[in-house]
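Encoded as structure tokens, the structure appears first; notes follow it.
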Amino acid sequence: MENTFIENGLNKNRRKFLSKASLGIGSLALGSLLIPDFYKSSKEDLEDSLLAQLPHFAPKAKRVIYLFQNGAPSQLDLFDYKPMLQKMYGEDLPESIRMGQRLTGMTSNQASFPLAGTVYDFKQYGSSGAWISELLPYTAGIADDICFIQSMHTEAINHDPALTFLQTGAQVGNRPSMGAWMSYGLGSENHNLPAFCVLLSRGKGNGQGVYSKLWTNGFLDSIHQGVQFSSGDDPVLYLNNPTGMKSSERRKMLDKLGELNNKNYDEFGDPEILAKIQQYELAYRMQTSVPEITDLKNEPESIVKMYGPECLVPGTYAANCLLARKLSESGVRFVQLYHQGWDAHDNLPSQIKGQCKDADQPSAALITDLKQRGLLDETLVIWGGEFGRTNYCQGSLTKDNYGRDHHPRSFTIWMAGGGVIPGFVYGKTDDFGYNIAENPVHVNDFHATVLHMMGLNHEKLVFRHLGRRYRLTDVSGHVVKDILA
Amino acid sequence: MHPLLLHFPIALIFIYAFWKIISPNSNQIIVEDNPNADDILLIGSLSASISALMGLILSQDGSYTADGLFWHEWLGSVTAFGSYFWYTSRNYITNSGALHRIAPVIMLVSVTLSGHFGAGITHGTNFIMAPLTQNEPEEEVIFDSARVFTHLVRPILKEKCFACHNSRKAKGELVMETSESLRSGGESGMLWDTLNTDQSLILQRIFLPEDDEEHMPPIEKNQLSDYEIEVIEEWVIDGAHFEKLATSYPPEHPLYRLTAEKFLAAEEANKYAFNEADSELIESLNSSNRSVAKIAGNSPALAVSFFSGQEFSLDHVRDLQKIGEQIVQFNAAKTHLTDDALKLIGEFKNLEKLNLNFTDISGNGISSLSGLKKLNEIALSGIALNVSELQVLGDLDELNKVFIWSTGLSSSDIIELKSRFPLIEIETGFDATEVVIPLPTPLIRNKKKIFSENEDLVVDHYISDVELRYTLDSSEPDSVSSPLYNNDLTLSGNIVFKVKAFKEGWKSSETVSKTFLQSSFNPSEVSLLTEPDKKYSGNGSETLFDHEEGTFYHADGNWIGYLGRPFEALLTLQGTPMPGSITISCLNSIGSSIMPPRTIELWYGNDPEKLKLWKKESIEMPSAYSPQDFAFYSYDLPSTSYEYLKLIIQPVSKLPAWHSNIGKPGWVFIDELLLN
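Chains as they are written, first to last, in the numbering used here: chain D, 1197 to 1681; chain L, 87 to 762.
The structure is reproduced here in structure tokens:
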């Protein structure tokens, strides 16, 4: 940023200087010595790196829909079937498994850690024989389209840092979100919609907050920020013209404002001014494109029956899944959903049942819908939370009731479409579902893999900020090639 | 030391020699005039000697056995001695005509040749021409016939290992050129251990730290890439088979994937024979509703997508004729694309993927696509089609997937198509005919519970053609006897409105219920004779006639609450019409000990001190917990004329036995009084 300011100032002086004194190459060399990246505009830089990122083959995925299950669903009650926990129901978690690893403050004072096997039935589905809980009958129905990763692990043990880590690649805030990186790297397909959209919904279970820092542009241009769609009459806030203002007047006003802003840019060279002009223009175009997209009334009956009755009720997870399909179909690179309510520290069996009722059918419908439109192969859908839940009970354990605490050491997510192997189970946890036994996938690896599927090399998608290059995966991350078709 | 120093004599002697060659004849120049130039030769000569010495020491460890070593040693020595000799006798040479020209040439040749042989030792003998010549012409291999060893592993060994481990040099007595020689290993033993593959010698050498003496390839040589390491590792772990085809492994096997990565990537890159379109032209074709982009940075192929169906016109496709050759993907779903545009699209010869879902084309128009011989996927959902119109699919040789749902084709049509085109996957979409799910609940648009004028009751549903049936007497609506809502209801009086949605092929929705209370006018004055509880005092007496209904959150400021003492309010009716009835709106929240009133008393008269009792009623207490609920109690008022109306509402003094706060007093909460 500062660099850009200096550059703008020097640019003019340099032009004057060169034309008047014609000092030629000597001064150019001096300039590049003083500021090494001086003659390399950030645009070229980006193009260089992007070209290098698309090495030999076209990316499979063009778009991402991330169905974030906020609050951390219990992998042990949904995907990671562990009969051992049922056999040892109520017995203490062996120290040889826990190995003194960190616990949250909510259970670290517990006198014992009684193992709690799931109360729900599991069956195997699809060609991969993936174990899926009876809570997810619709997900079971699309088992052959899904790739389960049972060996995800993260570093954070509490919601906010874990969520921030999964979304931005760092536990502290202010780094660009995944969607912002995609917008930065690939831009928008549709010029009338933002490249990165955010949809929120809330289940009845114990919820955890989501904040706009999760869809921030961080240090990237603010044009890459996620645009939140809300459920009211105004899906995007402040988008509509004030009452009494005609579209032509708005256009006139924006033209004049653009003139002023351009003048300002010429003077100060702050790139944020350009971002602002672009945002005004995008918002103007969104005045027509957004109502077109968010109107779910014209969806055919078969689609409504696929997503379930809730999909017509704005603000529900089902409606957001349907909206996500419409946005993605219209060229939005990254659609980020958050569904709250999975944080079941107590009464897990009943809480998770309600959550699954909300989330199961629409998630599966989204996959089916994309598939029947021929879009699944170019759209990557990701389903999962910020960490897992413990195999032992938080609070008191009864025959049919338990709670589970946060568990960062292993959890399950699933992906579908976009070039992952369909009907595949990757990674494995131990018999207690506590530690990872096979093929661990770290959050950085996950990010590297998703970028790879989008045709981006995570080591080359960089942005220079505060004197160093930043990446979504920061300094680590390996592409998990074993899950790529 | 030797590799570091050797460049000094090369550079210095070159400079000096060239200078000597281009400098004019000695007769005109007195060399003593620029003694510094001769220092160049002196330093060059000294560094040549030291380099030669260091080289001699280096060659003693015996690891260098290349053919060029002999000549490198001799020419190096010649250079060292020759340059020294040249320096000492430079004055004589400079002045001796012929030698003045010959000496630099000799030195140049000697430096060049010794340098060349030296480089041959470290970089391999063919290092200059290697990048330009393919000594073994690469045979064209496609993925299906690729052998893991021959086409994946051996090329790596050839590039990174053969330079030392060939049949002539055989460093460490290891030759890697043939499968037999690989099997027999070298002086340190066998390359792999079939019983304990991941402990194999070759892997150990690869995975040792780069600065370890035993690390292979040696640190100064070109290192293996991550991909190459993975290939060798997986191949050894798999048992080092020499003949296996990559396709003999299951797709999830690493060797299958690694081979695919190499071959399919290469095949993909060479897939398109046509030229790249001009990038400025591509840029200019991007507009607000049309995106034109390369499918990959290095590919000439283009993908075209249309967004926002409203703006679409035929010209938008006509513009694309300039890049018609390059378009491989075309997506115009949900636009007003017509059969005319289809004729233009039929000329995009290289199209592979075409999405025409929900466009304005007709089944007849599809015949214009018969020339698309490379098309492998076409989406025609949402277009009225019949089987004969789809005959054209047979002309599309590469076609393997068709999307035809919501096209009016019957299931027997689909069966016919499937039998006619057995190689084409036919996507018929999600079949909702057997799916029966409940309807979403209807939406009552009237937001406020309390209304004053007669008001239209507006009910909506997300699905436009549902039947909405309602009741006004708090009974459950049913699909037969309950009246049909037809945008024709007007609110009047106090109503408990219940509505439910019905539609064929769906389960009925849940019932939605809302209470409406009418308030025709307010009293001229209201005063509370008893103080409400401090925590729940709302806005005092004004709360009762502000038409703001309270919510289930009893501390929302719209409720006033009483505990242990009665609610008493005096309403002044000066200059108002005489009310026919009064309604009291209350909250039931049994869990929070908020109960229905125990008794309600109504007093009236013209003197507030001497009011007459009109009515006293006891309310029935619930007999168990029930969900939160709003209740209202309506009473007719005397038909005579009077100025004051007084209400006394007693809360429950002792909660019943089934309540968890048994014996303690209960609350009464009132949000509104309504006069009609």
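Even glycine gets a Cβ: it sits at the ideal position worked out from N, Cα and C. Values in this document were obtained by computation on a predicted structure and should not be read as measured data.
Residue environment, residue i, which counts as buried when at least 16 other CB atoms sit within 10 Å
| i | result |
| --- | --- |
| Ser727(L) | exposed |
| Thr1586(D) | buried |
| Ile490(L) | buried |
| Ala641(L) | exposed |
| Lys534(L) | exposed |
| Pro1232(D) | Note that Pro1232(D) has pLDDT 41, beneath the 50 cutoff, so the model's placement of it is unreliable and the number below is only indicative. Exposed: under 16 other Cβ atoms inside 10 Å. |
| Ser391(L) | buried |
| Met664(L) | exposed |
| His93(L) | exposed |
| Asp722(L) | exposed |
| Thr1669(D) | buried |
Amino acids of chain L, ordered along the chain, whose beta-carbon sits closer than 8 Å to that of residue i
| i | result |
| --- | --- |
| Glu1385(D) | Ser377, Ala379, Ser391 and Phe393 |
| Thr1594(D) | Within 8 Å Cβ-Cβ: nothing; Thr1594(D) doesn't reach chain L, min ~22 Å. |
| Gly1550(D) | Per Cβ cutoff of 8 Å: no residues; Gly1550(D) is ~16 Å from chain L at best. |
| Ile1617(D) | Pro337 and Glu338 |
| Asn1388(D) | Ser374, Asn375, Phe393 and Ser394 |
| Met1502(D) | Phe516, Ala518 and Val521 |
| Arg1481(D) | Ser374 |
Test: residue i CB closer than 7 Å to a CB of chain L
| i | result |
| --- | --- |
| Gly1322(D) | no |
| Ser1672(D) | no |
| Leu1508(D) | yes |
| Pro1636(D) | no |
| Ser1237(D) | Its pLDDT being 45, under 50, Ser1237(D) is placed unreliably in this model, and the value from its coordinates should be taken loosely. No, Ser1237(D) does not count as interfacial toward chain L. |
| Gly1527(D) | yes |
| Ser1498(D) | yes |
Boundaries of the beta strand (DSSP E) in which residue i is found, first to last residue
| i | result |
| --- | --- |
| Arg376(L) | Arg376 to Lys380 |
| Tyr1622(D) | Phe1620 to Tyr1622 |
Chain D contact for residue i (CB, 7 Å cutoff)
| i | result |
| --- | --- |
| Pro524(L) | yes |
| Ala465(L) | yes |
| Gly677(L) | no |
| Phe802(L) | Coverage of chain L is limited to positions 87 through 762, which leaves residue 802(L) absent and any answer about it impossible. |
| Val585(L) | no |
| Glu329(L) | no |
| Ser274(L) | no |
| Val521(L) | yes |
| Glu590(L) | no |
| Phe94(L) | no |
| Glu513(L) | yes |
| Phe416(L) | no |
Boundaries of the alpha helix (DSSP H) in which residue i is found, first to last residue
| i | result |
| --- | --- |
| Tyr639(L) | Here Tyr639(L) belongs to no alpha helix (DSSP H), and DSSP marks it neither H nor E. |
| Met1302(D) | Segment: none, Met1302(D) is in no alpha helix (DSSP H) and carries neither H nor E. |
| Lys1501(D) | Glu1497 to Tyr1503 |
| Asn282(L) | First-last for Asn282(L): undefined, no H or E at that position. |
| Glu245(L) | Arg240 to Lys246 |
Contact list for residue i against chain D, beta-carbon separation under 9 Å
| i | result |
| --- | --- |
| Ser568(L) | The contacting residues do not exist; Ser568(L) stays about 21 Å from chain D at best. |
Residues that residue i contacts on chain D, provided the C-beta gap is smaller than 7 Å
| i | result |
| --- | --- |
| Asn441(L) | Gly1570 |
Nearest-angstrom Cα separation, counted from residue j out to residue i
| i | j | result |
| --- | --- | --- |
| His327(L) | Met1280(D) | 39 Å |
| Lys1624(D) | Ala1312(D) | 19 Å |
| Leu1229(D) | Val1671(D) | In this prediction, Leu1229(D) scores a pLDDT of 44, lower than 50, which makes its location untrustworthy; no coordinate-derived value is stated. |
| Tyr1666(D) | His1420(D) | 16 Å |
| Asp1244(D) | Phe1659(D) | Its pLDDT being 49, under 50, Asp1244(D) is placed unreliably by the model, and the measurement read from it follows with that caveat. Their Cα atoms are separated by approximately 12 Å. |
| Gly1663(D) | Phe1415(D) | 12 Å |
| Pro683(L) | Glu539(L) | 29 Å |
| Ser169(L) | Ser109(L) | 19 Å |
| Val1676(D) | Leu1576(D) | 15 Å |
| Leu733(L) | Val612(L) | 11 Å |
| Ile1679(D) | Pro1255(D) | 15 Å |
| Leu554(L) | Gly451(L) | 42 Å |
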